[in-house]
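**Student:** Per full-length UniProt numbering, the very first residue in the sequence shown carries number 1; after that it's consecutive. Quick reminder that beta carbons are idealized off the backbone N, C-alpha and C, glycines included. Sharing a structure with you now.
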Amino acid sequence: MSLPFYHNPNASKATSRPFKVNIPDDDLKKLKVLLDAAPLGVETWENKQTDGRFGVSRSWLANARSVWLHDFDWRRKEAAINSFPHFRHIVKHAEIGEFDLHFCALFSEMPDAIPIVMLHGWPGSFLEFLPILSILRNKYTPADIPYHVIVPSLPGFAFSSGPLQDRDLTTTGCASVINQLMLDLGFGKGYVAQGGDFGCAIANVMAVNFDACVAQYVNLWMGDLSLVPSSVSDDELTEKDREAMARLKKWQADGGGYAVQQGTRPATTGLVLSSSPLALLAWVGEKLVEWSDITPPLETILEMISLYWFTDTISRSLYPYRSLVASFQGSKEPWGIITLTKPYGYSCFYKDNSFLPKAWAKLYPNMKFYGPHEDGGHFAALERPETLLHDLEDFIKAHIRVQDRKLETAL
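Below, the structure is given as structure tokens:
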């Protein structure tokens with residue numbers, strides 16, 4: 001018996017296969033052996049500090065390892081993951097190649113349901129969006145949910161294949177693969193792209209390059225403060241804006257070293273992180289703690305890191321940072337490109353490490369929704385699922401219409 005929200009009304013056009021997460025028992029046992037054997041590293045003045053200025057502390061890592069080793073129950077998490085419909089789908093792209101993509105979804109029975117693709121970044125995964133899917137599942141039935149919600153694992157992440165080993169995969173290429181997935185699923189008459197982190201960059205490119213992507217909604221501003229025109233005055237900033245701007249500038253000064261490392265030495269970084277679950281816990285755990293407004297429960301952190309470990313995808317997930325670093329160096333990789341001809345919505349979480357003040361939103365004449373939130377950090381779908389979903393629904397209600405099953409927009 002299939003799960004609710006399982007049936008794609010365009011199933012005759014799609015060739016998606018049902019999928020169930022089932023990590024082998026041997027992999028769970030191997031993880032415990034490696035965790036138990038991994039040396040913690042000597043105590044230093046830096047790793048004794050617990051304020052995060054030098055990264056995670058030795059005491060945090062020791063406790064997290066102990067919980068991961070003795071208390072964390074992957075099978076319980078796996079059961080919760082499998083309570084949602086999951087699929088695999090082979091995307092064949094004429095120029096980029098073939099990808100076997102994983103996605104979870106809530107499909108609607110309504111003929112005028114609006115397709116939404118929700119895109120994670122690094123070090124995230126589809127897991128970030130399960131709280132939003134849970135809210136929708138509890139609020140609606142398959143007969144009345146007004147959306148088809150598609151949450152793919154990006155190429156190279158979790159249960160998706162790629163990136164290819166005989167050629168590069170760029171931000172533009174990744175966007176093309178996700179767009180093709182949406183077309184294959186029968187949503188060529190229009191869909192909305194939502195994303196954060198690297199998912200924001202992909203949503204940006206999809207809105208610029210593909211007619212089927214009729215609107216974009218993001219919870220990360222990808223711009224560069226140095227590019228803000230001099231005609232935009234700081235006098236327009238509120239006190240909260242100034243506080244958030246100060247945090248952003250501090251993060252740009254001392255928090256972005258990981259991106260340079262991953263963008264310039266992804267081979268070395270990936271090999272190191274793939275060699276030890278404790279190394280992975282320190283590297284990824286640091287980001288999940290530091291980039292969140294309120295530190296996520298340790299169980300949530302361990303679930304997200306376990307997914308990377310069990311799927312052996314940390315090395316394959318670093319490729320976006322080559323494009324990011326290249327964009328810093330003047331390449332044409334479009335991390336920050338934004339369409340000016342389609343509706344654009346933005347949820348601004350002030351505790352994120354990227355920020356666009358409302359007074360500066362006028363830089364984008366098509367920014368039709370700006371949702372400012374003093375609470376919430378980088379992982380908005382995980383930290384503030386109700387808030388992000390409410391903003392997204394308000395944006396869609398105001399600017400997206402369905403006519404003969406085709407999405408139309410109003411600027």
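Whose C-alpha, out of P297, E239, S323, is nearest the C-alpha of residue 416?
**Tutor:** What the structure shows of the chain is the stretch from 1 to 411, and residue 416 is not part of that stretch, so it cannot be assessed.
**Student:** For the alpha helix (DSSP H) containing A282, name the first residue and the last one.
**Tutor:** Note, A282: alpha helix (DSSP H), 277-290.
**Student:** Mind checking I114: buried by the 16 CB within 10 Å criterion, or exposed?
**Tutor:** The residue in question, I114, is buried, as its Cβ has 16 or more Cβ neighbours within 10 Å.
**Student:** Quick one: grab the DSSP three-state call for F54.
**Tutor:** Looking at F54 - three-state DSSP - the assignment turns out to be coil, as it is neither helix nor strand.
**Student:** What residues match up with E408 in a beta bridge as DSSP calls it?
**Tutor:** Paired residues: R401.
**Student:** Out of N63, D197, K250, D112, point me to the one whose CA is closest to F187's CA.
**Tutor:** Selected option, being the one with the closest Cα: D112.
**Student:** Give the secondary structure of E88 by DSSP, where H, G and I count as helix, E and B as strand, and everything else as coil.
**Tutor:** It is worth fixing the name first, because residue 88 is Arg in this sequence and not Glu. Strand.
**Student:** Do the CB positions of R88 and F19 come within less than 7 Å of each other?
**Tutor:** Yes; because the gap between Cβ atoms is below 7 Å, this pair is in contact.
**Student:** Counting pairs of Cβ atoms below 8 Å between the region 190-199 and the region 93-111, do you hit three or more?
**Tutor:** Taking 8 Å as the limit for Cβ pairs, the verdict is that the region 93-111 does not touch the region 190-199.
**Student:** With H, G and I counted as helix, E and B as strand and the rest as coil, what does DSSP make of G255?
**Tutor:** It is coil, neither helix nor strand.
**Student:** With a Cβ-Cβ cutoff of 7 Å, do R316 and G156 count as a contact?
**Tutor:** A contact, by the Cβ cut-off of 7 Å.
**Student:** Taking all protein chains shown into account, do 16 or more other C-beta atoms lie within 10 angstroms of the C-beta of A143, making it buried, or fewer, making it exposed?
**Tutor:** Answer is exposed; the Cβ neighbour count stays below 16.
**Student:** Can you say whether R137 is buried or exposed, counting buried as having 16 or more other CB atoms within 10 angstroms of its CB?
**Tutor:** Buried is the call here.
**Student:** If T171 sits next to A207, beta carbons under 8 Å apart, how far is it from one beta carbon to the other, in whole angstroms?
**Tutor:** Not a contact, Cβ separation roughly 13 Å.
**Student:** For L271, I'd like the list of residues in its chain whose CB is within less than 8 Å of its CB, leaving aside the five on either flank, ordered along the chain.
**Tutor:** Excluding residues within five positions, the ones whose Cβ falls inside 8 Å are S315.
**Student:** According to DSSP, what are the bridge partners of C348?
**Tutor:** According to DSSP, C348 bridges with P372.
**Student:** With hydrogens ignored, establish whether the beta-carbon of H93 is closer than 6 Å to any heavy atom of the ligand NAD.
**Tutor:** Absent from the structure shown: the ligand NAD. Ligands present: none.
**Student:** With 16 other CB atoms within 10 Å as the buried threshold, where does P163 fall?
**Tutor:** That one is buried.
**Student:** Taking the straight line between their C-alpha atoms, what separation do you get for L219 and E236?
**Tutor:** In the sequence under discussion, the amino acid at residue 219 is Asn, which differs from the Leu named in the question. Roughly 22 Å separates the two Cα atoms.
**Student:** How big is the Cα-Cα spacing for S274 and N10?
**Tutor:** Answer to the nearest angstrom: the Cα atoms are 39 Å apart.
**Student:** Suppose contacts are defined by Cβ-Cβ distances below 7 Å. Is N179 in contact with F129 by that definition?
**Tutor:** No; because the gap between Cβ atoms is not below 7 Å, this pair is not in contact.
**Student:** In the structure shown, what three-state DSSP assignment does A215 receive?
**Tutor:** A215 falls in the strand class under three-state DSSP.
**Student:** Counting along the chain, where does the alpha helix (DSSP H) carrying I132 start and finish?
**Tutor:** Here the alpha helix (DSSP H) through I132 covers 130-139.
**Student:** If you draw a straight line from the alpha carbon of C348 to that of M118, how long is it in whole angstroms?
**Tutor:** Taking the straight line joining both Cα atoms gives about 17 Å.
**Student:** Just tell me which of V325, W122, I116 has its CA closest to the CA of I132.
**Tutor:** Selected option, being the one with the closest Cα: I116.
**Student:** Can you tell me which of the three DSSP states G173 falls into?
**Tutor:** Three-state DSSP puts G173 in a helix.
**Student:** Assign H120 to buried or exposed, taking buried as 16 or more other Cβ atoms, counted over all protein chains shown, within 10 Å of its Cβ.
**Tutor:** By the neighbour-count rule (16 or more Cβ atoms within 10 Å), H120 is buried.
**Student:** By DSSP's criteria, F103 is part of a beta bridge. Which residues make up the other side?
**Tutor:** DSSP, once it has assigned bridges, lists F87, P152 as partnering F103.
**Student:** How many angstroms separate the CA atom of P4 from the CA atom of R242?
**Tutor:** In a straight line, the C-alpha of P4 is about 46 Å away from that of R242.
**Student:** Less than 7 Å between the C-beta atoms of V56 and L106, yes or no?
**Tutor:** No, these two residues do not count as a Cβ contact at 7 Å.
**Student:** Which residue comes first and which comes last in the beta strand (DSSP E) that contains Y191?
**Tutor:** Taken as a continuous stretch (DSSP letters only), the beta strand (DSSP E) holding Y191 covers 191-195.
**Student:** If you draw a straight line from the alpha carbon of G257 to that of P365, how long is it in whole angstroms?
**Tutor:** C-alpha separation (whole angstroms): 33 Å.
**Student:** What do you reckon, are the CB atoms on K358 and Y370 nearer than 7 Å?
**Tutor:** It is a contact, given that the beta carbons lie within the stated cut-off.
**Student:** When the Cα atoms are used, what is the spatial distance from F198 to D73?
**Tutor:** Using only the alpha carbons, I get a separation of about 29 Å.
**Student:** Output the distance between the C-alpha atoms of C174 and S153, rounded to the nearest integer angstrom.
**Tutor:** Roughly 11 Å separates the two Cα atoms.
**Student:** Taking the C-alpha atoms as reference points, what is the distance between residue 458 and I23?
**Tutor:** In this structure the chain extends from 1 to 411, so residue 458 is not present and cannot be described.
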